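In order, the protein sequence lines correspond to chains A and B.
FYI, the numbering used here numbers position 158 of the first sequence as 158, with every residue one higher than the one before it.
FYI, the numbering used here numbers position 177 of the second sequence as 177, with every residue one higher than the one before it.
What follows is a single structure, written as structure tokens, with notes after it.
Protein chains: 2
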Amino acid sequence: MKRSVKIIGIGSYLPKRIVKAEEIDKMFSQSIGWSEKKSGVKQRYYVDGETASFMGAEAALQAVQDAGISLNDIDCIISGSGTMEQAIPCTASLIQEQLGLHHSGIPSFDVNSTCLSFVSALDMISYAIEYGRYKNVLLVSSEISSVGLNWDQPESSILFGDGAVAIVLSKSHDHSGIISSHMETHSLGAHLSEIRGGGTKIHPKFYDEQTKDDFLFDMDGKALFKLSFKLLPSFIETLFSSTNLSIKDIHMVIPHQASASAMKIIRKKLGVDESRFMNIIENYGNMIAASIPMALYEAIKQGRVNRGDTILLLGTSAGLSIGGIVLEY
Amino acid sequence: MKRSVKIIGIGSYLPKRIVKAEEIDKMFSQSIGWSEKKSGVKQRYYVDGETASFMGAEAALQAVQDAGISLNDIDCIISGSGTMEQAIPCTASLIQEQLGLHHSGIPSFDVNSTCLSFVSALDMISYAIEYGRYKNVLLVSSEISSVGLNWDQPESSILFGDGAVAIVLSKSHDHSGIISSHMETHSLGAHLSEIRGGGTKIHPKFYDEQTKDDFLFDMDGKALFKLSFKLLPSFIETLFSSTNLSIKDIHMVIPHQASASAMKIIRKKLGVDESRFMNIIENYGNMIAASIPMALYEAIKQGRVNRGDTILLLGTSAGLSIGGIVLEY
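Quick look at the structure:
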């Protein structure tokens, strides 16, 4: 049964600083073209003083305006991000603060499944909206990857970018809705992409020359892709099993922008051509949980996704998790 | 309308190391009785090598056994904790791994609203269970506070303890269910209790003599309590407004174990006597998000909460948030 929720507004914020592939090439003392060839990323954005809550609030203001409502109409704020601004409190509270809603009382909390945080949060909160608990949920993915990259690992560090996307999710009164959603976590791959430190296991107070790499992103890209690729067919089958649809009925696939090469192979495996597969990695890099909503934002603004279209949000994340939502926009 | 969910099993794990008030007194070169008098905490537990995912898995195994089901019956794992084990991946994935469910595919993600993470997660996932998305959700709060305490701040550092609690939450086929739930976030108080570092704003790589306190818990207890206390009456009114109940109908209040003095004042403000107010702080301290489920665990095991009883889960958290759930156990 379709869940009656509708994305009534979307907004984004991109950091001031644009980092071109050439800058990355120089950093690695490589010839021009090296990083773009390896990653497919022509440019990405890195924060230049912006915080996650600032970016999130900017994206939120745009989403609220796009929805044609006011901030006072928002009755729940969720940060669906793979990174936090502070260890305490949750980022959603800090976004509420940045929005000047100090006295609002709007419930604010975080949902985290790394790169799938946006999808997991959208999936979960849709039931509460369907049920009437909330009317207009502000869901924000605001990510700063640049601070946690390990420049000794070009494979991962040349991929990522920063930025924020927000949507307003409301009760649908027309055909818009979630047709199907599914998530799988296979902890077999829990350590294929991780930041071991920063939590209670290796607390920041143990930061030193010996441990410093534990606080930076560490990825075994090949193993990660191999496992994801193996799990994908049965995942897609399950996702569509409760519907009358197949991948052929999807107007646009909105994938996580993991890496250009992974996306190409996934696209071919799904059997969709480029016209039905949003690929924005060359302009933004991998923006963690903000990648999928950023690709959706671009698809909407470019007119490649229109009301009534059936779209598929699809991604993998550290965990290892796969998540997908089939929805009528 | 009551949400048909039922806590069918509960389990806990306490770290091996018991830390008595006397040990704390000595650490501060104070006379015996000093810390207990200030905090109301006679003892608490600190991890001695245990990780959050290990503790969470131990509590989960107990909860699953208590529920009379097997691990294979679990179809969703949520970590509702204010602390993370690692920055990436989410703690729920690591708990899945610890449970040996590597290949299970069970969707696993985190919900975070600091001390209210358990309550927020229970509240949100209840709609998905009601709707039939999941049958048996494993909700785990596993907290290690001890690693992040600032011993230059006795006011907060003498309060906290570590430990884990897990529940199995399932569709209810009898009277058990959530009668009402409500959450408010007032970011006016976002910085009254915080750990400024550890996220993207002050990354662990900036840890040094100057910044070290930014990575430890910092609390203005008086201001925090003042704001919470001011917000409580209207919060309680809203929580009960959709019900035919009042605080008089609650068999047992299961409060967040913030501090002994705060709990005493809150209890009096609510107008309930000690027999209807679970106070376990003297044996466990403040266990962050694990406090409320730990108090529930004790209430059930001591026979102070029985099937059919109407109970109130109630707490405040960094953010500042207030959250509550009225449920028939």
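We put the CB at the ideal spot given by N, CA and C, even for glycine.
Computed from a predicted structure; not experimentally measured.
Using 10 angstroms around the beta-carbon of residue i, count the other beta-carbons present and answer buried if the total reaches 16, otherwise exposed.
i        : result
B/PRO255 : buried
B/GLN210 : exposed
A/SER241 : exposed
A/LYS171 : buried
A/ASN286 : buried
B/PRO89  : buried
A/MET25  : Here the sequence assigns Asp to residue 25 of chain A, which means Met is not the residue at that position. Burial call: buried.
B/GLY82  : buried
A/ASP218 : buried
B/MET1   : exposed
B/SER275 : exposed
B/ILE330 : Outside the modelled stretch of chain B, which goes from 1 to 329, sits residue 330 of chain B, for which no answer is possible.
B/THR51  : buried
B/HIS182 : buried
A/LYS301 : exposed
A/GLY68  : exposed
A/GLY132 : exposed
B/ASP208 : exposed
Alpha carbon to alpha carbon, how far is residue i from residue j?
i        : j        : result
B/SER113 : A/GLU237 : 34 angstroms
A/VAL253 : A/ILE179 : 14 angstroms
A/LEU231 : A/GLU184 : 9 angstroms
A/SER193 : A/SER321 : 11 angstroms
A/LEU227 : B/LEU101 : 16 angstroms
A/GLY163 : A/LEU313 : 19 angstroms
A/ASP354 : B/GLY324 : With chain A covering only 1 through 329, there is no way to say anything about residue 354 of chain A.
A/VAL64  : A/ILE106 : 15 angstroms
A/ARG307 : A/TYR13  : 23 angstroms
A/LYS269 : B/MET55  : 40 angstroms
A/ILE280 : B/VAL305 : 54 angstroms
A/ASP220 : B/ARG196 : 30 angstroms
B/GLU85  : A/ASP174 : 42 angstroms
A/VAL168 : A/SER126 : 12 angstroms
A/SER234 : A/GLU328 : 22 angstroms
A/SER53  : A/VAL165 : 11 angstroms
B/ALA190 : A/ASP110 : 14 angstroms
B/ASN283 : A/ASN283 : 55 angstroms
A/GLU22  : A/TRP151 : 15 angstroms
B/PHE229 : A/GLU130 : 33 angstroms
Taking residue i and residue j to be in contact with their CB atoms under 8 angstroms, please state how far apart those CB atoms are, rounded to whole angstroms.
i        : j        : result
B/ALA289 : B/SER141 : 4 angstroms
A/ILE250 : A/THR310 : 6 angstroms
B/GLY198 : A/ALA318 : At roughly 18 angstroms, the Cβ-Cβ gap does not stay under 8 angstroms, so B/GLY198 and A/ALA318 are not in contact.
A/GLY11  : A/ALA57  : That belief does not hold up - the Cβ atoms of A/GLY11 and A/ALA57 are roughly 10 angstroms apart, past 8 angstroms.
B/HIS103 : A/LEU188 : 6 angstroms
B/VAL19  : B/TYR45  : 7 angstroms
A/ARG17  : A/ASP48  : 4 angstroms
B/LEU216 : B/GLY148 : 6 angstroms
B/MET124 : A/MET124 : 6 angstroms
Using 8 angstroms as the limit for Cβ to Cβ distance, is residue i near chain D?
i        : result
A/ARG267 : The chain labelled as chain D is not found among the protein chains of the depicted structure, namely A and B.
How would you list, in chain order, the residues of chain B whose beta-carbon sits under 8 angstroms from the beta-carbon of residue i?
i        : result
A/SER259 : The contacting residues do not exist; A/SER259 stays about 17 angstroms from chain B at best.
A/SER4   : Residues of chain B passing the Cβ test: none, with the nearest at roughly 12 angstroms.
Applying a beta-carbon distance threshold of less than 7 angstroms, which residues of chain B neighbour residue i?
i        : result
A/ARG276 : Chain B residues near A/ARG276: none, gap ~26 angstroms exceeds 7 angstroms.
A/ALA196 : It is worth fixing the name first, because residue 196 of chain A is Arg in this sequence and not Ala. The contacting residues are GLN86.
A/VAL147 : THR200 and HIS203
A/GLY303 : In chain order: nothing, as chain B lies at least about 33 angstroms away.
A/GLY315 : Residues of chain B passing the Cβ test: none, with the nearest at roughly 13 angstroms.
Which residues in chain A sit within 9 angstroms of residue i, going by Cβ to Cβ distance?
i        : result
B/SER113 : PRO89, CYS90, ALA92, SER93, PRO107, SER108, PHE109 and ASP110
B/ALA318 : ILE88, PRO89, CYS90 and SER93
B/GLN96  : THR185, HIS186, SER187, ALA190 and GLY319
B/LYS212 : PRO204 and LYS205
B/ALA52  : GLY199, THR200 and LYS201
B/SER193 : ILE88 and PRO89
Just the chain A side, please: which residues come within less than 8 angstroms of residue i by C-beta, in chain order?
i        : result
B/PHE345 : Any property of residue 345 of chain B remains undetermined from this structure, which presents chain B solely from 1 to 329.
B/ILE144 : THR200
Just the chain A side, please: which residues come within less than 7 angstroms of residue i by C-beta, in chain order?
i        : result
B/GLU184 : GLY105 and PRO107
B/LEU101 : SER187
B/ALA128 : MET124 and TYR127
B/SER120 : PHE109
B/SER29  : None at all; the shortest Cβ gap to chain A is about 22 angstroms.
Along chain B, which residues have their Cβ under 9 angstroms away from the Cβ of residue i?
i        : result
A/TYR134 : Chain B residues near A/TYR134: none, gap ~10 angstroms exceeds 9 angstroms.
A/GLY177 : Within 9 angstroms Cβ-Cβ: nothing; A/GLY177 doesn't reach chain B, min ~13 angstroms.
Say whether the region 188-203 of chain A touches the region 288-308 of chain A, bearing in mind that this needs 3 or more beta-carbon pairs closer than 8 angstroms, one atom from each stretch. The region 188-203 of chain A, when compared against the region 288-308 of chain A, does not touch it at the 8 angstroms Cβ threshold.
Cβ pair count under 8 angstroms reaching 3, the region 155-163 of chain B against the region 104-124 of chain B: Contact check between the region 155-163 of chain B and the region 104-124 of chain B: fewer than three CB pairs, one atom from each, fall below 8 angstroms, which does not count as touching.
So does the region 75-93 of chain B actually touch the region 128-138 of chain B, counting three or more Cβ pairs closer than 8 angstroms? Segments in contact, yes.
Evaluate contact between the region 37-51 of chain A and the region 257-267 of chain A, counting only Cβ atoms and requiring at least three cross-stretch pairs below 8 angstroms. Yes, the region 37-51 of chain A touches the region 257-267 of chain A.
Is the region 82-95 of chain B touching the region 94-101 of chain A, taking contact as three or more C-beta pairs under 8 angstroms? Touching, no, given that fewer than three Cβ pairs across the two stretches are closer than 8 angstroms.
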